[in-house]
Amino acid sequence: MKFAKFLQEKSTIGFVAPSFGCNIEPYRSAFDNAAKKWKQKGYTLDYGPNVYEGCGIGISNTPKKCAEEWNQWYASSENDVLISCGGGELMCEILDYVDFEAIRNGKPKWFMGFSDNTNLTFLLATLCDTASIYGPCAAAFGMEPWHPSLNDALGLLTGTQNVVNGYDLWEKESLKTEEAPLCPYNVTEPRILHSYPEEDCQMEGRLLGGCLDSLVTLCGTKFDKVKEFNEKYKEEGIVWFLESCEFNPMGIRRALWQLKHAGWFERTKGFLIGRPLCYGEEFLGLDQYKAVIDVLSDYKVPIVMDADIGHLAPMMPLICGSYGSVTVKGNDISIKMECR
């Protein structure tokens with residue numbers, strides 16, 4: 000696994016929009032305020048051409064133009080790390096134009112984003128053996144004040160920390176609006192982990208995963224090299240981190256069933272399941288917990304659910320491709336990531 004050079008003082012942060020750009024509120028104002036905060040910290044900023052674009056379908060621009068921006072900014076010596084502007088819907092369509100061969104053979108660079116950005120954070124690891132960060136997109140850094148999870152994300156980018164811990168409270172309903180674009184997370188709900196089969200557990204292995212919505216789309220395509228990745232890291236095994244956006248409990252169950260039968264979980268050492276956006280919903284008697292346990296319990300490994308990962312903020316930023324050591328004690332979770 001290749002790991003990029005960490006962000007240094009007075010270095011340059013590049014911003015790209017392979018999914019949505021920051022062309023509408025509240026994202027534009029939040030992104031502009033984030034830029035001010037990055038500059039105050041001494042960083043130079045390098046904007047891709049699609050940062051403020053919104054002419055695409057489900058993404059900032061046409062798939063080809065999004066990929067061209069990505070290819071150029073990833074290879075550029077004018078920036079040191081890349082952060083995605085936002086999530087979206089159809090980032091998968093840019094993949095035919097992404098130069099994965101150049102990435103595989105070139106100098107690694109940190110890329111951070113989540114949700115639809117799974118299409119790159121996951122493939123950087125599985126196709127290019129290059130680590131990435133599944134973490135907040137650029138506009139999140141515009142909130143006032145920063146939530147500790149954003150400091151954690153910066154800590155991973157700068158290499159000043161390699162451990163993240165769960166957060167005491169999470170956001171059930173956001174207060175961010177077009178009129179209040181800089182609102183911080185509205186954290187009101189206590190984190191309650193649901194672990195199976197034991198309340199306390201430990202697991203170690205390569206951290207791999209992302210948003211189920213995107214992963215299922217990749218499964219079975221020419222971009223699906225999970226079997227090869229599993230084989231390469233079979234001695235260490237995989238700790239899967241998974242979360243979902245648009246799926247209801249039935250959708251989660253179907254997605255996990257598909258990945259299971261595609262052989263993705265054959266080397267699993269455990270599962271970290273984030274709070275789904277459908278949190279608390281039931282569908283024909285199926286809830287978010289039974290949707291997971293009924294499919295994954297066959298592996299006889301720890302399953303930790305309602306972790307701080309994904310679309311119900313805050314989220315623990317994770318280095319996809321790193322060697323992770325996860326410790327869960329009651330409602331406390333700690334994840335150590337080694338870049339090796």
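Take the sequence shown: its letter number 128 is residue 127 in numbering that gives the first Met the number 0, and every next letter is one higher.
Cβ atoms here follow ideal geometry from the backbone N, Cα and C, with glycine treated the same way.
Return helix, strand or coil for residue i, following the three-state DSSP convention.
| i | result |
| --- | --- |
| C218 | coil |
| T117 | helix |
| D199 | coil |
| G284 | coil |
| I93 | helix |
| G20 | coil |
| Y46 | strand |
| H193 | strand |
| A179 | coil |
| F264 | coil |
| V300 | coil |
| W145 | coil |
| K259 | helix |
| K9 | coil |
| D331 | strand |
| L295 | helix |
| L123 | helix |
| P62 | helix |
| N247 | coil |
| S28 | helix |
| Y73 | helix |
| E52 | coil |
| K289 | helix |
Is residue j closer than 8 Å to residue i when the C-beta atoms are compared?
| i | j | result |
| --- | --- | --- |
| L192 | V303 | yes |
| E24 | E177 | yes |
| G209 | C136 | no |
| S6 | D79 | The identity of residue 6 in the sequence shown is Leu, whereas the question assumes Ser. For L6 and D79, yes; Cβs fall inside 8 Å. |
| E88 | P62 | no |
| S28 | L181 | yes |
| A33 | E170 | no |
| L149 | A139 | yes |
| K299 | D199 | no |
| I332 | N164 | yes |
| Y46 | F14 | yes |
| G141 | L155 | no |
| A101 | A66 | no |
| C338 | A152 | no |
| L241 | L211 | yes |
| M336 | G323 | yes |
| G262 | K233 | no |
| V291 | A254 | no |
| A3 | K108 | yes |
| S59 | Y195 | no |
Per DSSP, which residues does residue i bridge with? Please list them.
| i | result |
| --- | --- |
| Y322 | R205, E337 |
| W37 | According to DSSP, which records beta bridges pairwise, W37 is partnered with nothing at all. |
| L155 | L155 pairs with nothing; no bridge assigned. |
| K1 | T129 |
| G273 | A306 |
| F14 | Y46, I82 |
| L174 | L174 pairs with nothing; no bridge assigned. |
| F240 | G208, L271 |
| F110 | L81 |
| L168 | P189 |
| V163 | I334 |
| L317 | Y133 |
Taking 7 Å as the line, does the beta carbon of residue i fall inside it for any heavy atom of the ligand PLP?
| i | result |
| --- | --- |
| N32 | As presented, the structure is devoid of all ligands, the ligand PLP included, so that no description of it is given. |
Rounded to a whole number of angstroms, what is the C-alpha to C-alpha distance between residue i and residue j?
| i | j | result |
| --- | --- | --- |
| P126 | K224 | Here residue 126 turns out to be Leu, not Pro, going by the sequence shown. Each residue's alpha carbon lies about 6 Å from the other. |
| K175 | P183 | 8 Å |
| A306 | L271 | 7 Å |
| S18 | D31 | 18 Å |
| P275 | H260 | 22 Å |
| Q257 | R103 | 28 Å |
| T157 | Y51 | 26 Å |
| E265 | I237 | 9 Å |
| C21 | G53 | 8 Å |
| E235 | G273 | 23 Å |
| F228 | M90 | 22 Å |
| Q71 | P189 | 43 Å |
| T11 | N116 | 21 Å |
| W145 | N185 | 12 Å |
| M0 | K9 | 27 Å |
| Y288 | W239 | 16 Å |
When you compare the CB of residue i with every CB in chain C, is at least one pair closer than 8 Å?
| i | result |
| --- | --- |
| K9 | The question asks about chain C, but that chain is absent: this structure has only one protein chain. |
Cβ pair count under 8 Å reaching 3, the segment 264-280 against the segment 107-121: These segments do not touch.
Report yes or no: do the segment 215-225 and the segment 199-206 share at least 3 C-beta pairs separated by less than 8 Å? Contact check between the segment 215-225 and the segment 199-206: fewer than three CB pairs, one atom from each, fall below 8 Å, which does not count as touching.
Segment contact flag, the segment 317-326 with the segment 116-135, C-beta cutoff 8 Å, min 3 pairs: Taking 8 Å as the limit for Cβ pairs, the verdict is that the segment 116-135 does touch the segment 317-326.
Segment contact, 8 Å Cβ cut-off, at least three pairs: the segment 238-252 with the segment 281-290: Counting C-beta pairs closer than 8 Å gives three or more between the segment 238-252 and the segment 281-290, which meets the contact rule.
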